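Going by our numbering, the first residue of the sequence shown is number 29, and it counts up by one from there.
Think of the CB as a built atom: it goes at the ideal place given N, C-alpha and C, for glycine as much as any other residue.
Quick caveat: nothing in here was measured; it's all calculated off a predicted structure.
These notes concern the structure reproduced below.
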Amino acid sequence: MNLSLKTYSNQNAIRLSLLGTVLMVVCIASLGLGAYSIPLDNTIAILLNSLGVSVDNFEASQANVLLQIRLPRILLNLLIGGGLGIAGAALQGMFRNPLVEPGLIGVSSGSALFAIIFIVFVSGGTSAGFLNNLGLPLFAFIGGLIHVAAVFKLSTNRGTSDTATLILAGIAINAFAGALIGLVLFFADDSALRSFTFWSLGDMSGATWQKLPFALILIGLPTFLILQKTKELNALSLGEQEAFHMGVPVNQVKIQLLVCAALIVGVGVSMVGVIGFVGLVVPHLVRLIFSADHRIVLPGSFFLGAILLNAADLIARLIVIPAEMPIGVITALCGAPFFIWLIFNLKKSSS
């Protein structure tokens, strides 16, 4: 028994190492490629020089582009993409449904609604400064939490959650949030209206070093807490009653997962806008490629989410050079066909 557990742990370590290697390759490629191309040897020299190793075979303009523009952008992609992936995995595991994702159950729209309320009525349309760095994620988190709590309450009957009702409640909440966003924008000035494009399409161009500490804390902490819930999610996958008899405090775990997922998505939305389908596609791919065990699904979803968002951002920067396509367009173009394919597969398996 101990030998089989050790073998399984080694397999998981190998899988995660593979994903980590792919992530490193994508990040290095993203550092060098773009409207201003930087050769690989110059990229490595700049990184070594920033770590204290004296290497001089690069230009100052290359170092500025790589260190001040691309590196913080890639790190923010890593945190937000990984966070969306693990939030989606946690919600899918909690509801025991592969169709659940943060956008579908109202987290993204709720976060965007409260973020636009903050921009229009609190910050006056600006997006800089300490107040916005902390207040905007806080408002977005509160909005996401309220909306996901409403969906959860509407879909729960006598302690059990109905999937069909959950999806219908999510659609209703999303529509309601969209109407309220339109109402808020009616009172907005030109500056706030321009900021709305940021939320509706998703944009990584605003990534800065100043945002990273907030993202690291507000996404990293709930991500770490979700990673501690692998046993509880494996138990929930058997059913809520079975999990309860196995000693899992079901309602407490659900609340913790909902709060963590809402915080991750809320902070992500506040910083880069609404990015759809990452939380849907990533956990499902991890289960298809590796295993349904949440000991690999949760960390694997973080790595794969970071890979996919960095890859999507790279495509967004390369596809229409010298312009830049919104990253939300890329994720939607890739995620929507996958969602349709998933629905057809579920229909086949149920027939």
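Output the boundary residues of the alpha helix (DSSP H) element that contains Leu266.
-> Here Leu266 belongs to no alpha helix (DSSP H), and DSSP marks it neither H nor E.
Separation of Met274 from Asp231, as counted between CA atoms | 44 Å
Identify the residues that DSSP records as bridge partners of Gly105: which are they?
-> For the sequence presented, residue 105 should be read as Asn rather than Gly. The partner list for Asn105 (beta bridge, DSSP) is empty, contrary to what the question assumes.
Cβ contact check for the segment 87-107 and the segment 336-351: 3 or more pairs under 8 Å = yes
Looking at Gly131 and Gly304, is the spacing between their C-beta atoms short of 9 Å?
-> yes
How long is the line joining the alpha carbons of Val50 and Asn125, rounded to whole angstroms?
-> About 28 Å.
Own chain partners of Gly172 with C-beta closer than 6 Å, once the 5 adjacent residues on each side are dropped = Val135, Gly138, Ser139, Ala290, Val293, Gly294
Buried or exposed: which applies to Lys393, given that a residue is buried once 16 or more other Cβ atoms fall within 10 Å of its Cβ?
-> This structure leaves residue 393 out entirely; the chain is present only between 29 and 379.
Under the assumption that Ile133 contacts Leu194 (Cβ atoms under 8 Å), give the Cβ distance between them as a whole number of angstroms.
-> 7 Å
Once you ignore the five residues that flank Asn202 on each side, which residues in its own chain have a CB closer than 6 Å to its CB?
-> Gly134, Ser137
Provide the residue(s) that pair with Asn202 in DSSP beta bridges, ordered along the chain.
-> None; Asn202 has no bridge partner.
Using a threshold of 9 Å, state whether the C-beta atoms of Ile199 and Gly111 are closer than that.
-> no
Neighbourhood of Thr236 by C-beta, 7 Å cutoff - its chain only, sequence neighbours within 5 removed | Pro100
Three-state class that DSSP yields for Asn125 in the structure shown | coil
In three-state DSSP terms, what is Asn185?
-> strand
Between Gly60, Phe169, Phe123, Leu141, which lies nearest to Gly210 when the distance is taken from Cα to Cα?
-> Leu141
Can you say whether Pro365 is buried or exposed, counting buried as having 16 or more other CB atoms within 10 angstroms of its CB?
-> exposed
With contact counted as at least three CB pairs below 8 Å, one residue from each stretch, are the segment 280-287 and the segment 73-88 in contact?
-> No, the segment 280-287 is not in contact with the segment 73-88.
If we cut at 9 Å on Cβ distances, does Glu352 have a partner in chain C?
-> Absent here is chain C; the protein component of the structure consists of one chain.
Would you be able to state if there are at least three C-beta pairs under 8 Å between the segment 37-45 and the segment 312-332?
-> Segments in contact, yes.
If Leu44 and Phe252 are in contact, beta carbons under 8 Å, what's the gap, nearest whole angstrom?
-> Not a contact, Cβ separation roughly 15 Å.
Length-filtered (3 minimum) beta strand (DSSP E) runs lying within the segment 231-308 | none
Tell me whether Ile66 is buried or exposed, calling it buried when 16 or more other Cβ atoms sit within 10 Å of its Cβ.
-> buried
Skipping 5 residues on each side, what residues in its chain have a beta carbon closer than 6 Å to that of Ala156?
-> Because Ala156 sits at a pLDDT of 49, beneath the cut-off of 50, its placement in the model cannot be relied upon, and the point is left open.
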